[in-house]
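As they're listed, the protein sequences go chains A and B.
In this text, residue positions in the first sequence follow the UniProt record's numbering: the first is 1, and each later residue adds one.
In this text, residue positions in the second sequence follow the UniProt record's numbering: the first is 1, and each later residue adds one.
Where is the CB? At the ideal position from N, CA and C, for every residue including glycine.
Since the model is a prediction, treat every value here as computed from it, not as a measurement.
A short worksheet on the structure shown next.
Number of protein chains: 2
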Amino acid sequence: MTKKILILPGDGIGPEIVAEAVKLLDCLRADFGLEIETETALVGGAAYDDCGSPLPESTLDLAKAADAVLLGAVGGPKWEPLEIALRPEKGLLGLRAGLGLFANLRPAILYPQLAEASTLKPEVVSGLDIMIVRELTGGIYFGQPRGVETLASGERRGINTLVYTESEIERICRVAFEAAMRRGKRLCSVDKANVLECTELWREVAIRVGRDYPEVELSHMYVDNAAMQLVRAPKQFDVMVTTNMFGDILSDAAAMLTGSIGMLPSASLNADNQGMYEPIHGSAPDIAGKGVANPLATLLSVAMMLRYSLAAPEHAERIEQAVSKVLDRGLRTGDIASPGTETVGTAAMGDAVLEAIRAAAA
Amino acid sequence: MTKKILILPGDGIGPEIVAEAVKLLDCLRADFGLEIETETALVGGAAYDDCGSPLPESTLDLAKAADAVLLGAVGGPKWEPLEIALRPEKGLLGLRAGLGLFANLRPAILYPQLAEASTLKPEVVSGLDIMIVRELTGGIYFGQPRGVETLASGERRGINTLVYTESEIERICRVAFEAAMRRGKRLCSVDKANVLECTELWREVAIRVGRDYPEVELSHMYVDNAAMQLVRAPKQFDVMVTTNMFGDILSDAAAMLTGSIGMLPSASLNADNQGMYEPIHGSAPDIAGKGVANPLATLLSVAMMLRYSLAAPEHAERIEQAVSKVLDRGLRTGDIASPGTETVGTAAMGDAVLEAIRAAAA
Ligand SMILES: [Mg+2]
Ligand SMILES: [Mg+2]
């Protein structure tokens with residue numbers, strides 16, 4: 001059955017990098033029989049400029065009707081003076097909420113060809129391939145009560161609430177176990193169960209869900225130790241699953257281990273495997289329109305889309321292998337350039353990936 | 001005026017490493033005019049074995065009467081079967097609570113001589129010298145309400161509460177600004193003010209306290225970015241101040257950047273600069289009694305004690321410089337040994353530090 005993909009170029013370098021993803025999808029459709037149809041819509045600052053809202057209803061409707069959404073990036077200095085409700089980032093949050101995207105998948109992958117980009121020693125990180133599954137719609141970022149109250153003494157007190165129900169924990173753990181089944185079958189659940197009762201419940205539910213996945217080796221780690229282990233020996237991990245806030249912190253730390261943020265994709269999924277896919281880097285307004293942005297994180301986001309929402313892992317592998325080939329050839333965009341490599345622009349990098357895909361099939 | 005120091009050797013390697021600290025204090029008293037008197041007491045498993053409590057009242061009373069407490073380490077497999085209230089770790093928590101130690105100072109220092117021990121590239125971490133100031137008695141680890149409740153639907157829900165009053169934030173920020181004044185005069189306050197109202201209040205109070213320290217350059221960073229920056233460019237930081245939980249995570253990550261946990265001291269202070277000083281490594285029961293444990297973190301804890309509780313920074317510097325000299329000589333305990341260095345035991349390392357102190361004064 002033909003799958004629907006909604007393309008949201010967004011702002012800054014978004015349109016340039018997404019253009020390469022569109023070329024890639026066209027190639028997979030034309031030459032490799034991928035059954036998809038695509039539509040394009042506005043989000044973020046581009047949508048605000050067009051109709052006064054960072055997430056027009058029509059865009060949200062299209063997103064809901066799609067099997068997957070590919071997003072470039074949103075935001076830029078142009079829209080920073082706007083009130084918060086109108087800012088480009090609200091478009092992103094609105095899509096997450098509107099689609100119920102509770103599972104954020106954040107791979108931290110370091111292609112051996114780029115190992116020198118890391119601040120860590122090559123032997124510690126070369127070939128790193130972790131998947132961090134972060135709960136995205138619950139936990140302390142959303143919990144009630146919250147706010148700042150004034151006590152009888154006149155002193156103020158700030159409050160936020162970490163809260164998870166069993167069902168919220170269960171569904172994110174299930175996503176993580178499914179991810180582990182497609183990978184190395186090892187899952188590390190990160191909590192602070194020795195101190196926080198809420199994450200004691202998290203651990204209990206993780207163990208319970210784990211009974212449905214006897215092939216997956218489940219372990220548990222306290223968040224402070226996980227932060228240490230990511231620095232000490234990151235390759236020990238396969239899939240990690242954790243709360244919204246712990247995932248926010250650990251996924252960013254893990255991304256930085258690779259030293260090449262321009263290479264990292266992400267996925268946000270709901271219970272139906274409907275998903276939004278986007279590079280983790282931002283809209284980079286300083287280089288927008290110059291044709292120098294790195295499109296690889298966006299192309300790798302397409303690979304994640306194929307694997308997680310479109311049930312087409314063979315196409316995902318095509319892309320991932322092609323990216324590795326292109327790096328082998330020594331092609332680099334400016335952000336990942338190093339001595340002895342050839343610096344190319346956005347379109348040339350996209351073309352090289354297509355070429356590698358076609359060559360592998362020839 | 002003569003200062004009182006309570007010595008708590010504790011469990012595992014605690015007695016061995018603390019013995020070196022006692023030799024050091026004796027030397028500073030006898031040869032360098034440091035006016036101190038010391039007393040020794042039991043805590044942790046050793047106290048439980050003696051009298052059935054990990055924190056005898058007599059020990060807590062002595063701690064309260066002291067200007068500073070030096071702790072080795074507590075815990076070990078022998079006491080793990082005990083109920084939580086009787087476990088050695090409770091001795092530590094009881095001391096923190098009993099003395100009101102709300103400020104945890106966690107340096108992450110990487111002596112250039114040990115730069116190879118890090119998983120990070122030497123140029124990224126050699127000479128690292130960060131101080132993380134963690135709030136220790138408030139925040140989400142202590143907030144009410146907390147626990148697991150059963151909803152009307154029968155589903156369970158876990159809750160913990162992040163809560164800080166202005167005065168709690170103010171006193172920890174004050175400690176951090178004071179620490180910055182003794183160091184590089186740069187303070188980075190870490191929060192998640194864009195999402196958590198409680199830490200929005202944190203930021204506001206940090207700015208207010210900062211008006212009393214016009215010489216200190218105050219900056220702010222979100223916790224996820226701080227976790228990234230510690231990996232990307234840790235030497236950008238001087239002092240960091242943050243909440244209990246963020247500090248738990250970041251101080252452990254920062255410690256691991258050094259790759260030599262056996263070198264790192266810590267301090268926990270109250271409003272009167274009364275403090276408890278201890279190495280961050282544990283009681284290491286596997287090597288206890290063998291005379292091979294690294295005493296340097298404990299000796300550096302004494303240096304922190306001299307600086308923060310005993311107002312004797314000149315003696316602190318003596319110790320720190322002596323440690324550096326001993327490393328220059330190529331002496332190493334097993335945990336920090338590397339090719340081309342000489343492996344020595346606990347007592348020989350302690351002696352070498354004393355010798356270097358005396359040599360520097362000769
Ligand atoms: Mg983040
Ligand atoms: Mg910790």
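- For the set A362/A, G350/A, A360/A, the Cα lying nearest the Cα of L24/A is the one of G350/A.
- Runs of alpha helix (DSSP H) with 4 or more residues, each lying fully within the stretch 100–185 of chain A, are found at 122–125, 166–182, listed in chain order.
- For the pair M221/B and L92/A, the Cα-to-Cα distance works out to about 22 Å.
- A direct Cα-to-Cα measurement between L105/A and V239/A gives close to 10 Å.
- Ranked by how close their Cα comes to the Cα of T243/B, the residues V216/B, G262/B, I172/B, L101/B have I172/B in first place.
- T38/A is bridged by DSSP to I5/A.
- Among the residues of chain B, those whose CB is under 8 Å from the CB of T119/A are L120, K121, V124, V231, R232, A233, following chain order.
- Per DSSP, E314/A has no beta-bridge partner at all.
- Per DSSP, M245/A is one residue of the alpha helix (DSSP H) stretching across 244–258.
- By the rule that beta-carbons nearer than 8 Å mark a contact, A227/B touches chain A.
- Shown in chain order are the members of the stretch 189–205 of chain A whose Cβ falls below 8 Å from a Cβ of chain B: K192, V195, L196, E197, C198, T199, E200, L201, W202.
- DSSP places E200/A in the uninterrupted alpha helix (DSSP H) bounded by 197–210.
- Distance from the CA atom of V231/B to the CA atom of R87/A, rounded to whole angstroms, is 30 Å.
- Close partners of N160/B in chain A (Cβ separation under 7 Å): L162, L196, E197, C198.
- It is roughly 38 Å from the alpha-carbon of P265/B to the alpha-carbon of I336/A.
- What you get when you keep residues with a C-beta closer than 5 Å to any heavy atom of ligand 2 is D224/A, D248/B, D252/B.
- The alpha-carbon separation between V209/A and A253/B amounts to approximately 30 Å.
- Put simply, the backbone Cα of Q236/B is about 50 Å away from that of A362/A.
- Note on geometry: alpha-carbon atoms of A271/B and L128/B lie some 28 Å from one another.
- Using beta-carbon distances, T137/A does not count as an interface residue toward chain B, since no partner is under 8 Å.
- At a beta-carbon threshold of 8 Å, none of the residues of chain A lie near Y277/B; the nearest stands roughly 20 Å away.
- If you look at V69/A, you'll find it isn't in any alpha helix (DSSP H); it sits in the beta strand (DSSP E) that goes 68–73.
- V241/B is bridged by DSSP to V133/B, S189/B.
- The DSSP-derived three-state label of E342/A is strand.
- When the five nearest sequence neighbours on each side are left out, the beta carbons in the same chain lying within less than 7 Å of the beta carbon of A115/B are those of P122, V125, S126, in order along the chain.
- The Cβ atoms of E20/A and A347/A lie closer than 8 Å to each other.
- Within the same chain, and ignoring the five residues on either side of S283/B in sequence, the residues whose Cβ sits closer than 7 Å to its Cβ are G10, D11, G12, I13, G14, A73, V74, G75, G76.
- At a cut-off of 8 Å, the C-beta of Y111/A has no neighbouring C-beta in chain B.
- Between I140/A and chain B, the shortest Cβ-Cβ separation is below 8 Å.
- When T165/A, S58/A, L55/A, A117/A are compared, the shortest CA-CA separation from T199/A is found for T165/A.
- Annotation: the continuous beta strand (DSSP E) that includes Y277/B extends over 275–279.
- Proximity to V133/A across H281/A, F246/A, G154/A peaks at F246/A, based on C-alpha coordinates.
- By the C-beta criterion, the stretch 313–329 of chain A is judged to be in contact with the stretch 351–358 of chain A, since at least 3 inter-stretch pairs fall below 8 Å.
- Going by C-alpha positions, A152/A is about 19 Å away from P145/A.
- Nothing from the stretch 52–73 of chain B brings a Cβ to less than 9 Å from some Cβ of chain A.
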